[in-house]
Amino acid sequence: MNENPMVPDLDLPEAPAERSLSGVASMGHAVVPGEIDTSHGTILYLEDVTVSFDGFRALNTLTLAIDAGELRCIIGPNGAGKTTMMDVITGKTAPDDGKVFLGQSIDLTRMNEPAIARAGIGRKFQKPTVFEQHPVWENLELAMKADKGWWASLRARLDRDAQARIEETLALIGLESEALRLAGELSHGQKQRLEIGMLLMQQPALLLLDEPAAGMTDDETMQLADLLNRLRGTCSMMVVEHDMEFVAALAGTTGKVTVMAEGRVLAHGTLDEVKRDETVIESYLGR
Ligand SMILES: Nc1ncnc2c1ncn2[C@@H]1O[C@H](COP(=O)(O)OP(=O)(O)O)[C@@H](O)[C@H]1O
Ligand SMILES: [Mg+2]
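What the sequence shown shows, in the working numbering, is residues 6 to 292, in sequence order.
Here's what the structure looks like:
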């Protein structure tokens, strides 16, 4: 019954009936991407979202939509509300007001953080959070099992597709030759790519990245841009970033860039368009 020589044979109990039929072995999340209704072309929709901290409006009637499959760059000065926006999308912060929808029908304001993650939203925080004491490949394995519960973990161990998915992801994030090293020994840029790989193991429909290039060397920054460009088509992405060369590498000449300031959208368009926008020049780029 056990085809993986690395894994000892376990005397497994019968799978709970509802689980054994529900695609545990495919390691999908509770809501498979197909259940996110993107028939209108939108993966994420925020309308008039407001968040106040002691009367200060960190988000002020923020309205924004991300197309399914899009890689959207968000720029804006410190304090513009970019991280707060991600906190709202992921359920960390409840908005005072406004709509937040994943696809047409999933109301994220009614869900908690784990449910939102299971629905298909992955989030990359600024600091890399990898399991430093574990080898690189094991970080990917653990990420695949995360949140799946006891039974699913056992099943995942036996799944013969798991190894293939880990190898695929290692190649994608350019860490094949580092697979056996401890994650703690990686460079900052490699750790960041590993964490993105860990998020990918969960097969997110939408990936949120908050200043992923911060603290990276120029080379690492361009490797990251290359990785995100290669992820196009795999998932939709929202990338908050200050580094304008990085933004240029992601947006190209046609990609849309959203400029936030004071809790709302200040401008939206191609990078060239927003760079030429008078309000943007005044409030941000031309400081
Ligand atoms: N938990 C919080 N409590 C009070 N104020 C906050 C909190 N989180 C963010 N803010 C404030 O909200 C504003 C927006 O912050 P943030 O979303 O982190 O901006 P950005 O990510 O664009 O730099 C800032 O003025 C910040 O000080
Ligand atoms: Mg921030």
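All residues carry an ideal CB built from backbone N, CA and C; glycine is no exception.
Tyr-50 and Ile-79 closer than 9 Å at C-beta: As a working mapping, residue 50 is identified with position 45 in the sequence shown. As a working mapping, residue 79 is identified with position 74 in the sequence shown. In this structure, Tyr-50 sits away from Ile-79, with a CB-CB distance that is not shorter than 9 Å.
Taking C-beta to C-beta, are Arg-115 and Met-149 nearer than 9 Å? Counting from one through the sequence shown, the residue named residue 115 turns up at place 110. Counting from one through the sequence shown, the residue named residue 149 turns up at place 144. Against a cut-off of 9 Å, the Cβ pair of Met-149 and Arg-115 comes out as no contact.
Check whether the Cβ atoms of Ala-67 and Val-270 sit closer than 9 Å, and answer yes or no. Against the sequence shown, residue 67 aligns to sequence position 62. Against the sequence shown, residue 270 aligns to sequence position 265. Here residue 67 turns out to be Leu, not Ala, going by the sequence shown. With respect to Val-270, Leu-67 sits close: the two C-beta atoms are nearer than 9 Å.
Measuring only the C-alpha atoms, how far is Leu-232 from Phe-58? The sequence position of residue 232 within the sequence shown is 227, counting from 1. The sequence position of residue 58 within the sequence shown is 53, counting from 1. Their Cα atoms are separated by approximately 36 Å.
Going by DSSP, which residues form a beta bridge with Ala-299? With the chain covering only 6 through 292, there is no way to say anything about residue 299.
Would you call the CB atoms of Ile-126 and Pro-209 closer than 9 Å? Against the sequence shown, residue 126 aligns to sequence position 121. Against the sequence shown, residue 209 aligns to sequence position 204. Between Ile-126 and Pro-209, the C-beta gap is smaller than 9 Å, which places the two residues in contact.
Where do the ends of the alpha helix (DSSP H) carrying Met-243 lie? The residue given as residue 243 occupies position 238 in the sequence shown. Per DSSP, Met-243 lies in no alpha helix (DSSP H); the unbroken beta strand (DSSP E) holding it starts and ends at 241–245.
Please classify Ala-85: is it buried, with 16 or more other beta-carbons within 10 angstroms of its beta-carbon, or exposed? For the purposes of this step, residue 85 is taken as the residue at position 80 of the sequence shown. The residue in question, Ala-85, is buried, as its Cβ has 16 or more Cβ neighbours within 10 Å.
With hydrogens ignored, establish whether the beta-carbon of Lys-196 is closer than 8 Å to any heavy atom of ligand 1. Along the sequence shown, one-based indexing puts residue 196 at 191. Incorrect: Lys-196 has no Cβ contact closer than 8 Å to ligand 1.
Based on Cα-Cα distance, which residue from Asp-248, Met-265, His-273 lies nearest to Thr-259? Your numbering for residue 259 matches position 254 in the sequence shown. Nearest C-alpha to Thr-259: His-273.
Among Glu-250, Leu-255, Asp-248, His-247, the one whose alpha carbon lies nearest that of Ser-241: Counted from its first residue, the sequence shown places residue 241 at position 236. Ranked by Cα distance from Ser-241, the first of Glu-250, Leu-255, Asp-248, His-247 is Leu-255.
What three-state label does DSSP hand Arg-110 in the structure shown? Start at 1 with the first residue of the sequence shown, and residue 110 comes out as number 105. Note that residue 110 corresponds to Ser in the displayed sequence, not to Arg. Coil at Ser-110, not helix or strand.
Considering only the alpha carbon of each residue, which of Arg-237, Gly-194, Met-243 lies closest to Met-227? Numbered from 1 along the sequence shown, position 222 holds the residue referred to as residue 227. The option with the nearest alpha carbon to Met-227 is Gly-194.
For Lys-132, which option in Phe-251, Thr-55, Leu-199 has the closest C-alpha, if you only look at C-alpha atoms? Translated into positions along the sequence shown, residue 132 becomes position 127. That would be Leu-199, whose Cα lies nearest to the Cα of Lys-132.
As assigned by DSSP and simplified to three states, the class of Asp-282: As a position in the sequence shown, residue 282 is number 277, starting the count at 1. Asp-282: coil per DSSP, three-state reduction.
Just the C-alpha distance for Val-37 and Asp-92, rounded to the nearest angstrom, thanks. Counting from 1 along the sequence shown, the entry for residue 37 is found at position 32. Counting from 1 along the sequence shown, the entry for residue 92 is found at position 87. Any answer about Val-37 is weak, because its pLDDT of 46 lies below 50 and its placement is not dependable; what the coordinates show is given next. Cα to Cα, Val-37 sits roughly 22 Å from Asp-92.
CB-CB under 7 Å to Asp-339, same chain, minus the five flanking residues each way: which ones, in chain order? The structure shown does not extend to residue 339, since the chain is modelled only from 6 through 292, so no value can be given for it.
Contacting residues, own chain, Cβ-Cβ under 8 Å from Phe-136 (five flanking each side not counted): Within the sequence shown, the letter at position 131 stands for residue 136. Same-chain partners within the cutoff: Glu-143, Asn-144, Leu-147, Ala-188.
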